[in-house]
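Numbering (the working numbering), first residue to last: 528 to 781. Only one structure is covered here, and it is reproduced in the block below.
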Amino acid sequence: MQMRVGRIEGIHRARLLGVYGVSNTTVHISPAGNIKTNSPAGRFLQSRGVQPQHFNSYGSRRGNDDVMVRGTFANIRIKNLMLDGEEGGHTIHYPSNEKLAIYDAAMKYKTDGVPLVVVAGKEYGMGSSRDWAAKGTLLLGVKAVIAESFERIHRSNLVGMGVLPLQFMAGQNAVSLGLTGDESFDITGLRDGASRIANVVATGSGGRLVSFEAQVLLITPKEVEYFRHGGILQYVLRQLAKNSGQTKTVNRVD
Numbered sequence: 528m529q530m531r532v533g534r535i536e537g538i539h540r541a542r543l544l545g546v547y548g549v550s551n552t553t554v555h556i557s558p559a560g561n562i563k564t565n566s567p568a569g570r571f572l573q574s575r576g577v578q579p580q581h582f583n584s585y586g587s588r589r590g591n592d593d594v595m596v597r598g599t600f601a602n603i604r605i606k607n608l609m610l611d612g613e614e615g616g617h618t619i620h621y622p623s624n625e626k627l628a629i630y631d632a633a634m635k636y637k638t639d640g641v642p643l644v645v646v647a648g649k650e651y652g653m654g655s656s657r658d659w660a661a662k663g664t665l666l667l668g669v670k671a672v673i674a675e676s677f678e679r680i681h682r683s684n685l686v687g688m689g690v691l692p693l694q695f696m697a698g699q700n701a702v703s704l705g706l707t708g709d710e711s712f713d714i715t716g717l718r719d720g721a722s723r724i725a726n727v728v729a730t731g732s733g734g735r736l737v738s739f740e741a742q743v744l745l746i747t748p749k750e751v752e753y754f755r756h757g758g759i760l761q762y763v764l765r766q767l768a769k770n771s772g773q774t775k776t777v778n779r780v781d
């Protein structure tokens, strides 16, 4: 992590990791239930010599980032509209059109240097204020969440993790705009956090274009500052380094 703070720039050529409907709770985003043997988290634990009878639950392994990131969007009841509402933590990877577990698709995009976006309906992130719902989203490579509305605490947690919360304009959502999941997204007009409106262009197969505006939900000057730093952790580290007289670099954490 460099000491110099960058500008809030646009997001380019991002792919959709998931399209979700209304009332997706933090339990849907970061489940606390049992870890399945054939899930990315289950496969990871087995690769470390943990037998299935000792997997326990995501909730019991909240201190293990390798497990928790693999559990993000992996609730067996979550419905990704990219898969016609099929339940479970899967998505379609583009442009391969391959059905993959959310984590596996995210890592494939990460290898290719592709940022990610999540699209959702109303009341996104409602329920208990699980910090892993925001942390896991970040670690999957998601740069922005575009929703019809957000639960207050989860929106704040996303900002704290450096994930941009954007809100559809009234009356708009993924269905009304005709978003299918195969689009790549360009999000511009952020003006280093000064703009309240972002411009979004989604380019689908065959060159189909969907252009719309979204509200930038960086609500306070302090949230803009946190986001400019890449999140609260980076902000705090830079403040500590500055106060201790270090002006070069600190160890990378992003």
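Built from N, CA and C at the ideal position, the CB exists for glycine as well.
Q. Any idea which residues DSSP pairs Ser584 with across the strands?
A. The residue you call residue 584 lines up with position 57 of the sequence shown. Asn561.
Q. Taking Cβ to Cβ, would you say Ile629 is nearer than 8 Å to Thr599?
A. Numbered from 1 along the sequence shown, position 102 holds the residue referred to as residue 629. Numbered from 1 along the sequence shown, position 72 holds the residue referred to as residue 599. It is a contact, given that the beta carbons lie within the stated cut-off.
**Q.** Option in Glu710, Tyr547, Gly687, Leu610 with minimal Cα separation from Leu665
**A.** For the purposes of this step, residue 665 is taken as residue 138 along the sequence shown, with counting starting at 1. Looking at the Cα atoms, Gly687 is the closest of the given residues.
**Q.** Delimiting residues of the beta strand (DSSP E) encompassing Ile670
**A.** Numbered from its first residue, the sequence shown carries residue 670 at position 143. The question names Ile, but residue 670 in the sequence shown is Lys. Here the beta strand (DSSP E) through Lys670 covers 669-674.
Q | Distance between beta carbons of Ser557 and Ala802, contact taken as under 8 Å | A | Outside the displayed range of the chain (528 to 781) lies residue 802, so it cannot be described from this structure.
Q.
Contact between the stretch 750-768 and the stretch 567-582 is defined here as three or more beta-carbon pairs at a separation below 8 Å; is this criterion met?
A. Too few Cβ pairs lie closer than 8 Å, so no.
(Q) According to DSSP, is Arg540 part of a helix, a strand, or is it coil? (A) Within the sequence shown, numbered from 1, the residue matching residue 540 stands at position 13. DSSP places Arg540 in strand when its eight states are reduced to three.
Q. Can you list, in chain order, the residues of its chain whose CB lies under 6 Å from that of Ile724, leaving out five sequence neighbours each side?
A. For the purposes of this step, residue 724 is taken as residue 197 along the sequence shown, with counting starting at 1. Same-chain partners within the cutoff: Glu740.
Q | Rounded separation between Gln761 and Arg531 - CA only | A | Here residue 761 refers to the residue found at position 234 of the sequence shown. Here residue 531 refers to the residue found at position 4 of the sequence shown. Going by the C-alpha atoms only, they are around 11 Å apart.
**Q.** Among Thr564, Pro622, Gly590, nearest to Ala786 - alpha-carbon criterion
**A.** Within the shown structure, residues of the chain are numbered from 528 to 781, placing residue 786 beyond reach of any answer.
Q. Cβ atoms of Gly668 and Pro692: under 8 Å apart, would you say?
A. Along the sequence shown, one-based indexing puts residue 692 at 165. Along the sequence shown, one-based indexing puts residue 668 at 141. No. Outside cutoff.
Q) Taking C-beta to C-beta, are Ser676 and Thr553 nearer than 8 Å? A) Within the sequence shown, the letter at position 149 stands for residue 676. Within the sequence shown, the letter at position 26 stands for residue 553. Going by C-beta atoms, Ser676 is not nearer than 8 Å to Thr553.
Q: Identify whether Lys649 lies in helix, strand or coil by the three-state DSSP scheme.
A: As a working note, residue 649 is residue 122 in the sequence shown. Residue state, collapsed to three classes: coil.
Q.
Can you find the residues in the same chain that come closer than 6 Å, C-beta to C-beta, to Arg779, ignoring five residues on each side of it along the sequence?
A. As a working note, residue 779 is residue 252 in the sequence shown. Because the pLDDT of Arg779 is 37, which lies under 50, any placement of that residue in the model is unreliable, and the question is left without a value.
Q | Contact under 8 Å by Cβ, Gly758 with Gly689 | A | The residue given as residue 758 occupies position 231 in the sequence shown. The residue given as residue 689 occupies position 162 in the sequence shown. The Cβ atoms of Gly758 and Gly689 lie closer than 8 Å to each other.
**Q.** Of the listed residues Gly720, Ile714, Val728, nearest to Leu706 (C-alpha basis)
**A.** As a position in the sequence shown, residue 706 is number 179, starting the count at 1. Checked all of Gly720, Ile714, Val728; the closest Cα to Leu706 is Val728.
Q. Below 8 Å between beta carbons: does that hold for Asn726 and Gly734?
A. Numbered from 1 along the sequence shown, position 199 holds the residue referred to as residue 726. Numbered from 1 along the sequence shown, position 207 holds the residue referred to as residue 734. Here Asn726 is not near Gly734, since their CB atoms are 8 Å or more apart.
(Q) Can you check which of these residues, Arg575, Leu543, Asp592, is closest to Tyr636 by C-alpha distance? (A) The residue you call residue 636 lines up with position 109 of the sequence shown. Looking at the Cα atoms, Leu543 is the closest of the given residues.
Q) Is the distance from the Cβ of Pro549 to the Cβ of Leu608 below 8 Å? A) By one-based count along the sequence shown, residue 549 stands at place 22. By one-based count along the sequence shown, residue 608 stands at place 81. Sequence inspection shows Val at residue 549; the Pro mentioned does not correspond to that position. Their beta carbons are not under 8 Å apart, which means Val549 does not touch Leu608 by this criterion.
Q.
Checking the sheet assignment: what are the DSSP bridge partners for Ala660?
A. Residue 660 sits at position 133 when you count from the first residue of the sequence shown. None; Ala660 has no bridge partner.
Q.
Tell me the DSSP secondary structure of Glu710 in three-state form.
A. Position 183 of the sequence shown, counted from the first residue, corresponds to residue 710. Coil at Glu710, not helix or strand.
(Q) In this structure, how does DSSP classify Asn684 when only helix, strand and coil are distinguished? (A) Walking along the sequence shown from the start, residue 684 turns up at place 157. The answer is helix: DSSP assigns Asn684 an H, G or I state.
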